[in-house]
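Q: Below is the structure I would like to discuss, written out as structure tokens.
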Amino acid sequence: MGAYLSAMDDKWFKQRQKIAGVTAEDIAAELGRDRSVVSRIYTGRQAMSAAQAKVFARVLDVPLAEVMKRAGVLDEDEARELQPGFSDGDAVPFMSKLGSNHSMIGVISAFGGDRPGVDTWIVKGNSMILGGYLPGDRLLVDTHQSETCSAGDVVIAQSYDWQSGGATTLLRRFEPPVLVAASPDPEDGRVLVVDRNNVLIRGKVIASWRN
Numbered sequence: 001m002g003a004y005l006s007a008m009d010d011k012w013f014k015q016r017q018k019i020a021g022v023t024a025e026d027i028a029a030e031l032g033r034d035r036s037v038v039s040r041i042y043t044g045r046q047a048m049s050a051a052q053a054k055v056f057a058r059v060l061d062v063p064l065a066e067v068m069k070r071a072g073v074l075d076e077d078e079a080r081e082l083q084p085g086f087s088d089g090d091a092v093p094f095m096s097k098l099g100s101n102h103s104m105i106g107v108i109s110a111f112g113g114d115r116p117g118v119d120t121w122i123v124k125g126n127s128m129i130l131g132g133y134l135p136g137d138r139l140l141v142d143t144h145q146s147e148t149c150s151a152g153d154v155v156i157a158q159s160y161d162w163q164s165g166g167a168t169t170l171l172r173r174f175e176p177p178v179l180v181a182a183s184p185d186p187e188d189g190r191v192l193v194v195d196r197n198n199v200l201i202r203g204k205v206i207a208s209w210r211n
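With the numbering used here, you'll find the sequence shown wraps up at 211, consecutive numbering, no jumps.
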């Protein structure tokens, strides 16, 4: 069985609209439908179809898999299958299988991780080990704060390679306008500029714990 499907995250879509500089009317026009269709999709009264998801992805300039996951029509396993060029990097999404991980789900809920727009990740690399984040640690990441991160915030970001079509997940500390690691590994020493094109912050780490 796949991971839990999430509910429609309308706040994420509206945030992406703001970043892309488009309105619900613009999206509706691209869909060839009335604005009410976009409203029904956002309120969960109408499921987003695959064809509509492709339009949202193109207009909002985000991956199709991310659109479908945020719309609640694709689970994490399926979303990752749609992104073969995606490299996990420093962290991976926590995938909760049906009927398992009850204790973990309880902890996630206690920290507020069952709210729309809050994702759970598992640390895989050593990029922030000197900052206290060890491989295996769990993170709660608020994607709604991706555009409001301040100096010193620990974030999940993505670095895109447009030639290969791939992307790498980064766990870093944000020191505007760059991302920096806290690691003894020289490979993590490169400073990355957040330009919202090649490097994009996905969310702010709001909680972490260790099993």
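Every residue, glycine too, gets a C-beta built ideally from N, C-alpha and C.
#1: Using only the alpha-carbon positions, how far apart do residue 223 and residue 73 sit?
#2: Identify whether residue 206 lies in helix, strand or coil by the three-state DSSP scheme.
#3: Assuming residue 170 and residue 157 make a contact with CB atoms under 8 Å, what is their CB distance in whole Å?
#4: Kindly indicate the opening and closing residues of the beta strand (DSSP E) around residue 173.
#5: For the beta strand (DSSP E) that contains residue 157, what are its first and last residues?
#6: According to the neighbour-count rule (16 or more other Cβ atoms, all chains shown, within 10 Å of its Cβ), is residue 209 buried or exposed?
#7: For residue 204 and residue 141, which I take to be in contact (beta-carbon distance under 8 Å), what is that distance rounded to the nearest angstrom?
#8: On the three-state DSSP scale, how would you describe residue 195?
#9: Starting from the Cα of residue 139, find the closest Cα among 180, 90, 22, 52 and give me that residue.
#10: Quick check on the DSSP output: the beta strand (DSSP E) that includes residue 115 runs from which residue to which?
#11: Give me whichever residues DSSP pairs with residue 38 in a beta bridge.
#12: Given this structure, state the Cα-to-Cα distance separating residue 23 from residue 166, to the nearest angstrom.
#13: Could you name the residues of the same chain whose beta carbon sits closer than 7 Å to that of residue 107, not counting the 5 residues immediately before and after it, in chain order?
#14: Pick helix, strand or coil for residue 107, following the three-state DSSP scheme.
#15: Determine the DSSP secondary structure at residue 188, reduced to helix, strand or coil.
A: If we stick to the structure as given:
#1: Here the chain comprises residues numbered 1 to 211, so residue 223 is not present and cannot be evaluated.
#2: The count along the sequence shown starts at 1 and reaches residue 206 at position 206. Residue 206 carries a strand assignment under DSSP once its states are collapsed to helix, strand and coil.
#3: Here residue 170 is taken as the residue at index 170 of the sequence shown, counted from 1. Here residue 157 is taken as the residue at index 157 of the sequence shown, counted from 1. That belief holds up - the Cβ atoms of residue 170 and residue 157 are roughly 4 Å apart, short of 8 Å.
#4: Your numbering for residue 173 matches position 173 in the sequence shown. Residue 173 -> beta strand (DSSP E) spans 166 to 175.
#5: Taking the first residue of the sequence shown as position 1, residue 157 is located at position 157. Start and end: 154 to 161.
#6: Against the sequence shown, residue 209 aligns to sequence position 209. The residue in question, residue 209, is exposed, as its Cβ has fewer than 16 Cβ neighbours within 10 Å.
#7: Translated into positions along the sequence shown, residue 204 becomes position 204. Translated into positions along the sequence shown, residue 141 becomes position 141. Yes, they are in contact, since the Cβ atoms of residue 204 and residue 141 sit about 7 Å apart, within 8 Å.
#8: Within the sequence shown, numbered from 1, the residue matching residue 195 stands at position 195. The DSSP-derived three-state label of residue 195 is coil.
#9: Translated into positions along the sequence shown, residue 139 becomes position 139. Comparing Cα-Cα distances from residue 139 to each of 180, 90, 22, 52, the minimum goes to 90.
#10: Along the sequence shown, one-based indexing puts residue 115 at 115. Premise fails: residue 115 is in no beta strand (DSSP E) and is neither H nor E.
#11: Against the sequence shown, residue 38 aligns to sequence position 38. According to DSSP, which records beta bridges pairwise, residue 38 is partnered with nothing at all.
#12: On the sequence shown, residue 23 is found 23 positions in, with the first residue counted as 1. On the sequence shown, residue 166 is found 166 positions in, with the first residue counted as 1. Straight-line Cα distance between these residues: approximately 28 Å.
#13: Working through the sequence shown from its first residue, we reach residue 107 at position 107. Counting only Cβ-Cβ distances below 7 Å, and skipping sequence neighbours, we find 209.
#14: Mapped onto the sequence shown, residue 107 falls at position 107. Assignment of residue 107 by DSSP, reduced to helix, strand and coil, places it in the helix class.
#15: What you label residue 188 is simply residue 188 of the sequence shown in a count that begins at 1. In the structure shown, residue 188 sits in a helix (DSSP, three-state: H, G or I).
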